[in-house]
Amino acid sequence: MDSATPSALTPDTLAILGELQEGACRRIDQSDGSSLIALQRNGAVRLFRNRCPHRGIELDWVPGAFLAVDGHHLQCATHGALFDPLSGVCISGPCAGDALQRLDPDHRTG
Ligand code: FES
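Take the sequence shown: its position 77, counted from the start at 1, is 96 in the numbering used here, and no numbers get skipped.
If you want it as structure tokens, here you go:
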């Protein structure tokens, strides 16, 4: 079982998601040493596990720096994979077609 899956939606994480503003993208560190990516685009809130599907490592090498130069896509710092910020699907790079693990409440209930 994925240790970040159910435990990621703690009251603190949900509070952070509720306070996100349009265009925001931030890192949320977890007590187990893992981290999450929280963002809001076009009014939609997303929460992803901060783990690239290519090698299973964190996307950011500067903590919290996830955005590509276009300011829209998420980018893995290691090999440059680009991810759609709403679906988490890799659109370019060595893991094209794979996706970040989505954890936000909208995904779980809908
Ligand atoms: S580890 Fe993310 S693209 Fe290779």
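Glycine residues also receive a C-beta, built at the ideal position from the N, C-alpha and C atoms.
As the structure is a prediction and not an experimental result, all values here were calculated from the model.
Alpha-carbon to alpha-carbon, residue j and residue i
| i | j | result |
| --- | --- | --- |
| S53 | H92 | 21 Å |
| R65 | E41 | 11 Å |
| D21 | A34 | Bear in mind that the predicted position of D21 carries a pLDDT of just 49, short of 50, making it too unreliable to give a figure here. |
| Q120 | R68 | 5 Å |
| T128 | T29 | Caution is warranted here: a pLDDT of 49 is assigned to T128, below 50, making its placement in the model unreliable, and the coordinate value is therefore given only provisionally. Roughly 16 Å separates the two Cα atoms. |
| A100 | P124 | 25 Å |
Three-state class that DSSP yields for residue i in the structure shown
| i | result |
| --- | --- |
| D117 | coil |
| I56 | strand |
| L33 | helix |
| D103 | coil |
| D125 | helix |
Outcome for residue i when other beta-carbon atoms lying within 10 angstroms are tallied against a minimum of 16
| i | result |
| --- | --- |
| D51 | exposed |
| N61 | exposed |
| P82 | exposed |
Residues passing the C-beta test against ligand 1 heavy atoms, cut-off 7 Å: C71, H73, R74, I76, L78, C95, T97, H98, G99, A100, G112, P113 and C114
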